[in-house]
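Remember, our numbering sits 23 above the position in the first sequence when you count from 1.
To start, the structure under review is shown below, and the notes come after it.
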Amino acid sequence: PRKEKRGKIKEKKSKEEKKEKRKKNKKKSDEEETPQKTQKRKSKEGEENNNNKKAKKEDKKEETENKWKWWEEEKKEDGVKWTQLEHRGPYFAPLYEPLPDDVQFYYDGKPLKLSLATEEIATFYAKMLDHEYTTKEIFQNNFFNDWRKEMTSKEQKIIKDLDKCDFREIHKYFVDKSEARKALSKEEKQKLKEESDKIQEEYGYCILDGHREKIGNFKTEPPGLFRGRGDHPKMGMLKKRIMPEDVVINCSKDSKIPEPPEGHKWKEVRFDNTVTWLASWTENIQNTLKYIMLNPSSKLKGEKDWQKYEVARRLKDVVHKIRAQYRADWKSKEMKKRQRAVALYFIDKLALRAGNEKEEGETADTVGCCSLRVEHIKLHPNLDGQEHVVEFDFLGKDSIRYYNKVSVEKMVFKNLQLFMKNKNPADDLFDRLNTSILNRHLQSLMDGLSAKVFRTYNASITLQEQLKALTNSEDNVAGKLLSYNRANRAVAILCNHQRSTPKTFEKSMQNLQIKIDAKKQQVEEAQQELKKAEDEFEDTKDAKAEANVEKKKKLLKRLEEQLAKLNVQATDKEENKQIALGTSKLNYLDPRISIAWCKKFGVPIEKIYNKTQREKFAWAIDMADEDFEF
DNA sequence: CCTGAGACTTGGAAGAATTTTG
DNA sequence: CAAAATTCTTCCAAGTCTCAGG
Numbered sequence: 024p025r026k027e028k029r030g031k032i033k034e035k036k037s038k039e040e041k042k043e044k045r046k047k048n049k050k051k052s053d054e055e056e057t058p059q060k061t062q063k064r065k066s067k068e069g070e071e072n073n074n075n076k077k078a079k080k081e082d083k084k085e086e087t088e089n090k091w092k093w094w095e096e097e098k099k100e101d102g103v104k105w106t107q108l109e110h111r112g113p114y115f116a117p118l119y120e121p122l123p124d125d126v127q128f129y130y131d132g133k134p135l136k137l138s139l140a141t142e143e144i145a146t147f148y149a150k151m152l153d154h155e156y157t158t159k160e161i162f163q164n165n166f167f168n169d170w171r172k173e174m175t176s177k178e179q180k181i182i183k184d185l186d187k188c189d190f191r192e193i194h195k196y197f198v199d200k201s202e203a204r205k206a207l208s209k210e211e212k213q214k215l216k217e218e219s220d221k222i223q224e225e226y227g228y229c230i231l232d233g234h235r236e237k238i239g240n241f242k243t244e245p246p247g248l249f250r251g252r253g254d255h256p257k258m259g260m261l262k263k264r265i266m267p268e269d270v271v272i273n274c275s276k277d278s279k280i281p282e283p284p285e286g287h288k289w290k291e292v293r294f295d296n297t298v299t300w301l302a303s304w305t306e307n308i309q310n311t312l313k314y315i316m317l318n319p320s321s322k323l324k325g326e327k328d329w330q331k332y333e334v335a336r337r338l339k340d341v342v343h344k345i346r347a348q349y350r351a352d353w354k355s356k357e358m359k360k361r362q363r364a365v366a367l368y369f370i371d372k373l374a375l376r377a378g379n380e381k382e383e384g385e386t387a388d389t390v391g392c393c394s395l396r397v398e399h400i401k402l403h404p405n406l407d408g409q410e411h412v413v414e415f416d417f418l419g420k421d422s423i424r425y426y427n428k429v430s431v432e433k434m435v436f437k438n439l440q441l442f443m444k445n446k447n448p449a450d451d452l453f454d455r456l457n458t459s460i461l462n463r464h465l466q467s468l469m470d471g472l473s474a475k476v477f478r479t480y481n482a483s484i485t486l487q488e489q490l491k492a493l494t495n496s497e498d499n500v501a502g503k504l505l506s507y508n509r510a511n512r513a514v515a516i517l518c519n520h521q522r523s524t525p526k527t528f529e530k531s532m533q534n535l536q537i538k539i540d541a542k543k544q545q546v547e548e549a550q551q552e553l554k555k556a557e558d559e560f561e562d563t564k565d566a567k568a569e570a571n572v573e574k575k576k577k578l579l580k581r582l583e584e585q586l587a588k589l590n591v592q593a594t595d596k597e598e599n600k601q602i603a604l605g606t607s608k609l610n611y612l613d614p615r616i617s618i619a620w621c622k623k624f625g626v627p628i629e630k631i632y633n634k635t636q637r638e639k640f641a642w643a644i645d646m647a648d649e650d651f652e653f
């Protein structure tokens, strides 16, 4: 309680202090708004109903006024995460609604009425019918196995072959249903939205140390079929419905303890203030825990995030020493040390993940640095004019392929040859190393250092360097944003953050090209018209003609700018085809670097961070000025 | 040291909402 | 204004890493 008080007082005080600052900021950002935008807003004003607008405005006000600036408070003692935690417990997935009687399941061509539980599981499969998953044998087998377990003995006797099961009518029912939902009237949609807002309002927040904080995932996961990524041995297995009896609640002793749904009990209620989760349950596929935790905008998550970047910044001070040491260790007499040094080199240079061991047969076969196998690399003494080239080809996290050809130092190359000698393709490359050995070593080099810190550090430092190299202060905002995206992209490539090419990519690229061509045409026409106007002015020398010249000049300039913008867009799009920027932006790049860049070059923060991102990075937005250096 | 449990971060895809376009 | 395109949000799987206990 004492702590809480102190926090509150501090908050109040700081609020007053910041009021001035905020005012200034607001003015500034208002001014910075483009005229276009203001105009749009104005034109909207007329149509939109006043009530709505007012409500929105108040909403916005509240947002800025009530924010908890936890980063201005003193830290809690080690290991204690909160002193007060109150919430409503998870929101449970809706119960199964039976199919209407005219929607039937067919076995061997004949309609078959299923028991409720069996029918529910059948709908899981039916819903996925046009997904590639259902064509895979493992998926089908796992599903059928688990499905049969839940059948009545009578059903078990009849349903013996998945190929004889016809789910198409059920499938169609759900397709139609989702179409119908899309086609609802505005009012009906509004009503649905209000209902979900109400649930969000009730279950989506908790009270943490006197502050209302948003929860990240307040709903239990609905039952369904497990979809792993890549070649997952468990794909298609039945994910069971979570019941209150499965759920452990965590909250503070003196808080209002959440009520389980009527007729039910919690598995357990505990009061553990050394952890950050509000509720947990064990998931039946991998037998691991799942948690309900806070939203990234919360203090608990934000503080940790901030701390992560501070650790990475400390690495910056010692990284030269560490690099010198692992280079020296390449020549160590101890095999163990050599392997450690080469692995660390990969982690540092290529931003590979640590690579924990995984239980065989339980998950897809993926690897990281320490778990690389001989079959994952090829050594080329010479390749495409480069020496000592290592060709990596393996599946990493989420079964995303890592493919890279890297020219490495001679000593690394020699070591790799040594590590691979007399081994089978399926043998571990670093047979004397694992993540715990590596991390123990790293911890001894710097407090808080582990393998993943290198990824954070290299990502952030790369962004900072790239921004420095690419940004041209003469550019307009669009040009600067292209530079930002390119810097971001360099990081995403480093971290191997890939996405599948969007389905609409080719088409939208074509459309853009058409637009560019049309704009070029316009520019040419405008040039001709300007010429004509100039000639006319030459002849007549009258004021009207002069004004006309000015007008045409302006038009041309505007068109040229628009063309440039389109070209920038096209470049950006093409370069981004298979790169996913989101993960690095959200998890690896110290937000203060981006914010400092925005401030320095007069780019509004909203251009690089959307609302959610600004909420997550509120701490950074508040504390970073344009001089921030990572 | 090794092992497994536990807690927490990181990841792309899919679905929903919003904006742009024709 | 509807359809298409784009952006944002949700979903939940899959990593990392620490710690307790043998």
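For each residue, glycine too, the CB sits at the ideal point set by N, CA and C.
Note that the structure is a prediction, hence the values are computed from the model and not measured.
Neighbourhood of residue i by C-beta, 6 Å cutoff - its chain only, sequence neighbours within 5 removed
i: Lys-324; result: Leu-317
i: Glu-86; result: Any reading at Glu-86 is ruled out, since the residue's pLDDT is 48, under 50, leaving its predicted position unreliable.
i: Glu-378; result: A quick correction: the sequence has Gly, not Glu, at residue 378. Same-chain partners within the cutoff: Val-390, Gly-391, Cys-392, Cys-393, Ser-394.
i: Ile-265; result: Thr-243, Trp-304
i: Trp-170; result: Ile-144
i: Glu-638; result: Ser-320
i: Arg-235; result: Tyr-228
i: Val-341; result: Met-469
i: Ile-370; result: Cys-392, Ala-474, Phe-477
Inter-residue CB distance, residue i and residue j (contact presumed, cutoff 8 Å)
i: Ile-400; j: Val-390; result: That belief does not hold up - the Cβ atoms of Ile-400 and Val-390 are roughly 11 Å apart, past 8 Å.
i: Ile-644; j: Ile-618; result: 6 Å
i: Gly-247; j: Phe-147; result: 5 Å
i: Glu-557; j: Val-572; result: 6 Å
i: Lys-523; j: Phe-653; result: Correcting the residue type first, residue 523 is Ser in the shown sequence and not Lys. Going by Cβ atoms, the distance from Ser-523 to Phe-653 rounds to 32 Å, so no, they are not a contact pair.
i: Tyr-332; j: Thr-527; result: At roughly 35 Å, the Cβ-Cβ gap does not stay under 8 Å, so Tyr-332 and Thr-527 are not in contact.
i: Phe-640; j: Ser-496; result: 24 Å between Cβ atoms; not a contact.
i: Leu-604; j: Ala-515; result: 5 Å
i: Ser-122; j: Glu-142; result: Looking at the sequence shown, residue 122 is not Ser but Leu. Correct: roughly 6 Å between the Cβ atoms.
i: Leu-600; j: Leu-535; result: One point to set straight first is that residue 600 is Lys, not Leu, in the sequence displayed. Contact flag wrong, Cβ pair sits at about 13 Å.
i: Val-334; j: Val-476; result: 6 Å
i: Val-546; j: Lys-630; result: Actually they are not in contact, since the Cβ atoms of Val-546 and Lys-630 sit about 26 Å apart, beyond 8 Å.
i: Thr-594; j: Leu-505; result: 7 Å
According to DSSP, residues forming a beta bridge with residue i
i: Asn-626; result: One point to set straight first is that residue 626 is Val, not Asn, in the sequence displayed. The partner list for Val-626 (beta bridge, DSSP) is empty, contrary to what the question assumes.
i: Leu-486; result: In DSSP, Leu-486 forms no bridge with anything.
i: Cys-188; result: Tyr-130
i: Glu-109; result: Ile-230
i: Lys-428; result: Glu-414
i: Asp-451; result: Arg-396
Same chain, Cβ closer than 7 Å to residue i, five either side skipped, listed in chain order
i: Ala-647; result: Arg-615, Ile-618, Ala-619
i: Lys-257; result: Asn-165, Phe-249, Gly-251, Ile-308
i: Thr-386; result: His-255
i: Leu-185; result: Gln-163, Phe-167
i: Asn-610; result: none
Proximal residues to residue i (C-beta, below 8 Å), its chain only, five neighbours per side dropped
i: Val-298; result: Lys-104, Asn-273
i: Leu-456; result: Lys-359, Gln-362, Arg-363, Ala-366, Cys-393
i: Asn-633; result: none
i: Phe-294; result: Asn-273, Cys-274, Ser-275, Lys-276
i: Glu-291; result: Val-271, Ile-272
i: Lys-313; result: Glu-244, Ser-303, Trp-304, Thr-305, Glu-306
i: Ala-513; result: Thr-485, Leu-486, Gln-489
i: Val-606; result: Sequence check: residue 606 is Thr here, not Val. Only Ala-515, Cys-518, His-520 meet the Cβ criterion.
Proximity test, residue i beta-carbon vs the ligand SAH heavy atom, cut-off 7 Å
i: Lys-322; result: Ligands in the displayed structure: none, and consequently the ligand SAH is not present.
* Write down every uninterrupted run of the beta strand (DSSP E) in the region 254-306 whose length is 3 residues or greater and which is fully enclosed by it, in chain order. => 271-273, 291-293, 302-306
* Flag this pair as touching only if the region 400-410 and the region 361-375 have three or more C-beta atom pairs under 8 Å; answer yes or no. => no
* Start-end ranges of the beta strand (DSSP E) lying completely within the region 526-568, minimum 3 residues -> none
* **Whole alpha helix (DSSP H) elements within the region 119-157, 4-residue minimum** => 139-150, all fully within the region 119-157.
* Pairing CB atoms from the region 282-298 with CB atoms from the region 187-194, are three or more of them under 8 Å? -> no
* Asked: At a cut of 8 Å, does the region 108-117 reach the region 240-254 through at least three beta carbon pairs?
  -> yes
* To do: Answer yes if the region 115-127 comes into contact with the region 227-235, meaning at least three C-beta pairs across the two stretches below 8 Å, and no otherwise.
  => no
* Which residue spans inside the region 305-356 form an unbroken beta strand (DSSP E) run of at least 3? -> 311-315
* Evaluate contact between the region 452-468 and the region 576-595, counting only Cβ atoms and requiring at least three cross-stretch pairs below 8 Å. => no
* Asked: Contact between the region 460-469 and the region 483-494: three or more CB pairs below 8 Å?
  -> no
* Asked: Is it a yes or a no for the region 530-539 touching the region 557-571, going by three-plus beta-carbon pairs under 8 Å?
  -> no
* Using 8 Å as the Cβ pair cut-off and three pairs as the minimum, do the region 151-161 and the region 88-107 touch? -> no
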